[in-house]
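The structure under discussion appears below in the form of structure tokens.
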Amino acid sequence: MSVVINTNYAATVAASNLAASSANLQKSLNRLSSGQKIVNPADDAGGLAVSMKLSAAANRSATTSNNIGNTVSFLQTQDGVLSVAAKVLDRMSQLSTLHLDTTKNASDLANYSTEFAQLSTELGNLTQESFNGNALFGSSNLTVTTTESGSQTTTINGIDLNTQTSGLAIGTLSGITTAIQSLATDRAKNGAYQSTLGFASQVLTVNQENLAAANSRIMDVDVAAESTQLARWNVLVQSGTAMLAQANQSSQTALKLLG
């Protein structure tokens, strides 16, 4: 091997190896400190793009599930009012039946009619109930998005409670019983909507979990594996530093020859 002064090839190689080891050590430190496998886009440009799409889809799934939950709360509130309305109608049907009793005098009948009228007013009040400023009852339908992509929806038909319960008279049992039957059907439909939306929410939750898991495999660092790499690069940096110092010492040989 030639002894030269101008070029220290061994030091150049050692410095190059040390720079590479230092860069890899820094990457390991960044990954472990952030908990992410991709710290910079250059680490995995394709993986980062996929991760962004998966993360956005997972967030949309969570938001859609929350929207469904709000709709279920709307339906639960609606059913609560329907339940009260059914009790009111039940009492009105009793009053109507009592009014048909031929043994009652005029005063009794007037009392029944007074209570019946008050209950009719309460039914009218119930038809005006709302949820967060949205009317619980009416002819308008609700369209609920049930997938994160927005491609699937569920339509909730409106309930016109006012039409179903208006015009009831104390002497007309048939009208009251028809109204009770209509409310029973409305509550059954309400329950069906709640059940359907519940299943849709479960699917969204499962999808969100799977999307998060897929994103984790791309973005989250394997601490055990990366710790092993950190130890490796740490040793290489230390040994590279020592070897660079040793290579720099080799140039002293030429000076000794000149002396």
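Under the numbering used here, the first residue of the sequence shown carries the number -19, and numbering increases by one thereafter.
Note that the Cβ used here is the ideal one computed from N, Cα and C, for glycine as well.
Fair warning: this is a prediction, and the values are worked out from it, not measured in the lab.
Three-way DSSP call (helix, strand, coil) for residue i in this model
i	result
residue 115	strand
residue 16	strand
residue 110	strand
residue 202	coil
residue -2	helix
residue 82	coil
residue 211	helix
residue 148	coil
Host alpha helix (DSSP H) of residue i (start-end)
i	result
residue 126	Per DSSP, residue 126 belongs to no alpha helix (DSSP H) and is neither H nor E.
residue 77	25 to 79
residue 168	153 to 199
residue 141	141 to 145
Neighbour-count burial assignment, residue i, 16 or more Cβ in a 10 Å radius
i	result
residue 179	exposed
residue 197	exposed
residue 159	buried
residue 63	exposed
residue -7	exposed
residue 38	buried
residue 195	buried
residue 32	exposed
residue 87	exposed
residue -11	exposed
residue -2	buried
residue 104	exposed
residue 26	exposed
Unbroken beta strand (DSSP E) run spanning residue i, endpoints
i	result
residue 136	133 to 136
Distance cut-off 6 Å: residue i Cβ against heavy atoms of the ligand FAD
i	result
residue 69	For the ligand FAD, the structure offers nothing, since it holds no ligand at all.
Minimum C-alpha distance to residue i - residue among the options
i	options	result
residue 155	88, 170 and 77	77
residue 70	183, -2, 30 and 145	145
residue 124	195, 44 and 1	44
residue 5	101, 216 and 205	216
residue 162	201, 66, 113 and 73	66
residue 107	100, 141 and 198	141
residue 42	127, -10 and 18	127
residue 133	139, 187 and 122	122
residue 12	204, -10, 56 and 57	204
residue 0	176, 227 and 214	214
residue 110	59, 222 and 31	59
residue 14	-11, 74, 200 and 226	200
residue 206	120, 228, 17 and 157	17
residue 23	33, 35, 34 and 8	8
residue 202	136, -11, 10 and -9	10
residue 118	136, 148, 187 and 172	136
residue 184	129, 105, 224 and 147	129
residue 61	73, 34 and 166	166
residue 52	176, 189 and 218	176
residue 189	104, 98 and 35	35
residue 101	28, 148, 212 and -5	148
residue 181	223, 116 and 50	50
residue 211	2, 30 and 169	2
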